[in-house]
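Colleague:
Numbering (the numbering used here), first residue to last: 112 to 617.
#1: Can you tell me whether residue 114 is buried or exposed? The criterion is at least 16 other CB atoms within 10 Å of its CB, across all chains shown.
#2: Between the C-alpha atoms of residue 194 and residue 294, what's the straight-line distance to the nearest angstrom?
#3: What runs of the beta strand (DSSP E), each 3 residues or longer, lie entirely inside the segment 444-483?
#4: Can you tell me the Cβ-Cβ gap for residue 528 and residue 507, rounded? I've got them flagged as a contact below 8 Å.
#5: Find the nearest neighbour of residue 211 within the set 202, 192 and 229, judged by alpha-carbon distance.
#6: Just the Cα atoms here: how many angstroms apart are residue 425 and residue 457?
#7: The alpha helix (DSSP H) with residue 195 in it runs from where to where?
#8: Which partner residues of residue 495 appear in the DSSP bridge assignment?
#9: How about residue 514 and residue 494: do their beta carbons lie closer than 8 Å?
#10: Rounded to whole angstroms, how far is the Cβ of residue 236 from the Cβ of residue 145, which I believe are closer than 8 Å?
#11: How is the alpha helix (DSSP H) around residue 296 delimited, first residue to last?
#12: The beta strand (DSSP E) spanning residue 209 covers which residue range?
#13: Closest to residue 373 by CA distance: which of 383, 345, 352 and 357 is it?
#14: DSSP has residue 341 in a bridge; who is on the other side?
#15: So does the segment 549-557 actually touch the segment 488-503, counting three or more Cβ pairs closer than 8 Å?
#16: Confirm, please, whether the CB-CB distance from residue 510 to residue 431 is below 8 Å.
#17: Rounded to whole angstroms, how far is the Cβ of residue 173 from the Cβ of residue 163, which I believe are closer than 8 Å?
#18: Could you tell me the alpha carbon to alpha carbon distance between residue 242 and residue 474, rounded to whole angstroms?
#19: Are the beta-carbon atoms of residue 539 and residue 562 separated by less than 8 Å?
#20: Alpha carbon to alpha carbon, how far is residue 583 from residue 409?
#21: Under a Cβ-count criterion, where at least 16 other Cβ atoms within 10 Å of its own Cβ denotes burial, should residue 320 be classed as buried or exposed?
#22: Go ahead and pull the three-state DSSP assignment for residue 560.
#23: If you drop the 5 nearest sequence neighbours on each side, which residues of the same chain put their C-beta closer than 8 Å to that of residue 220?
#24: Specify, as a first and last residue, the run of the beta strand (DSSP E) that residue 274 falls within.
#25: At 3 residues or longer, and completely inside the segment 494-533: list those beta strand (DSSP E) runs for me, N to C.
#26: As a quick exercise: from 579, 298, 148 and 449, pick the residue whose alpha carbon is nearest that of residue 137.
#27: Out of 611, 284, 154 and 591, which one is the CA nearest neighbour of residue 412?
#28: Reducing DSSP to helix, strand and coil, say where residue 123 ends up.
#29: Relative to the C-alpha of residue 283, which residue among 564, 215, 259 and 267 is closest?
#30: If you measure between the beta carbons of residue 403 and residue 161, is that distance less than 8 Å?
#31: Pick helix, strand or coil for residue 133, following the three-state DSSP scheme.
#32: For residue 223, which of helix, strand or coil comes out of DSSP?
#33: Could you tell me which residues DSSP puts in a beta bridge with residue 174?
#34: Report the rounded CA-to-CA distance for residue 429 versus residue 536, giving the unit in angstroms.
#35: Counting pairs of beta carbons, one from the segment 347-366 and one from the segment 300-314, are three or more of them closer than 8 Å?
#36: What residues match up with residue 440 in a beta bridge as DSSP calls it?
This is the structure:
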């Protein structure tokens, strides 16, 4: 297969409109396990919707494929079938699936669902009651294979398949192994986005026959990883280019401390690994127009922010006080998000001059510890374990500061939304948090992963809060930061063109 010597744009390029100029003459297909608003468990769903929507608005033929989960079927307002069912072979098994069009309005991307009730018509996306589904390897291998087989009827060449995380990483593997002799599929260029390498998709080698992959993929340079089959590693080995969601995280993945055991694979990619910062939808996250908020505010008029804070305190039963800072946190209740720092050393009990509001779903041990803290300090701590979009909007609008002391954070979106809503983030200097929060300017940054490091950062925030004019200057600076998709989306279009040239499909 012909290869080009062209190299990708470096991580510090300003992008601009160069990507738009390269947009002509290619189709982009996103394969993803989550997509807002149909199915979401974290930031992946919103990130992929953001980039796909912007690309479609730029005039790039863009298609998004995801499984038709039970929740997605319930949220889709109108589904229409696309052609007849297609037959999909997965190892020794064969089954038929129907494709459905979500009929999203132009100029958005075309959203297509892969319908297999036996695999996807379930209560959860990946599992239930804290346990993964035992057949996840079949579910997502089948989705990847079905999505690929659907492509010739959906898009025209040249095609870039943009897979996201381990759930769809097998797309690149199938294209370069079992589908490599097919003239149509042999021309497809591939990009894999690593949103969270902490979840690589590990299964036993016995699954290879079940998912229809040849034994040669069970090799240390391809998918084998300490005796297991690592789907993310396979995606790294077989994709033309690999992207991750912030420049800093691209460097972290190349290190033993930050590569989740795959640092050698990331290093081997060389210039074919790039970091492109995620963005947020500036129309959805706009405190001047947000229909969810009890009051609106802007850089020029911060008055409504005080009303939103009062509303948050009243809803949570906290004392209504404008002289006490409210620290909010909306995140999955897992170790990655830094809950051990918040809850493991009595930090909340040692911070009497502040109020804390937590919203998120996750592990029982963190629910229990947060509930205990709220029970002991009902005038200072409140926790809600049922997440919703509305609660997140109200929390960020009403909070003075955001807690995000992550163990690792590939990009993060909440710290961007918080700044737009005038809530200054308290974050650890890691991944995308390093790229989006400026210490003592738009937030408060600490380095050491420890309760003491977090406590000092909270202390600096509380000290600044006492100087109201200074605090408002920092708020206005944070609110003016541009975290929209324009720059990043153009960078992706450049990357797709490089992938086509590298693959020899241009």
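Each residue gets a CB set at the ideal place from its N, CA and C atoms; glycine is no exception.
Modeller: Well, looking at it:
#1: Here residue 114 scores only 29 on pLDDT, less than 50, and its place in the model is too uncertain to base an answer on.
#2: 23 Å
#3: 466-470
#4: 6 Å
#5: 192
#6: 26 Å
#7: Residue 195 -> not in any alpha helix (DSSP H); beta strand (DSSP E) instead, spanning 191-201.
#8: 470
#9: no
#10: 7 Å
#11: 294-297
#12: 204-212
#13: 345
#14: 313
#15: no
#16: no
#17: 5 Å
#18: 11 Å
#19: no
#20: 12 Å
#21: exposed
#22: coil
#23: 141, 163, 164, 166, 167, 173, 174 and 175
#24: 270-275
#25: 512-515
#26: 298
#27: 591
#28: For residue 123, the pLDDT reaches just 38, beneath the cut-off of 50, and the residue's location in the model is therefore unreliable, although a value from the coordinates is still provided. Residue 123 falls in the coil class under three-state DSSP.
#29: 259
#30: no
#31: Because the pLDDT at residue 133 is just 47, under 50, the model does not fix this residue reliably, and the value given afterwards should be weighed accordingly. Residue 133 falls in the coil class under three-state DSSP.
#32: strand
#33: 140 and 221
#34: 21 Å
#35: yes
#36: 469
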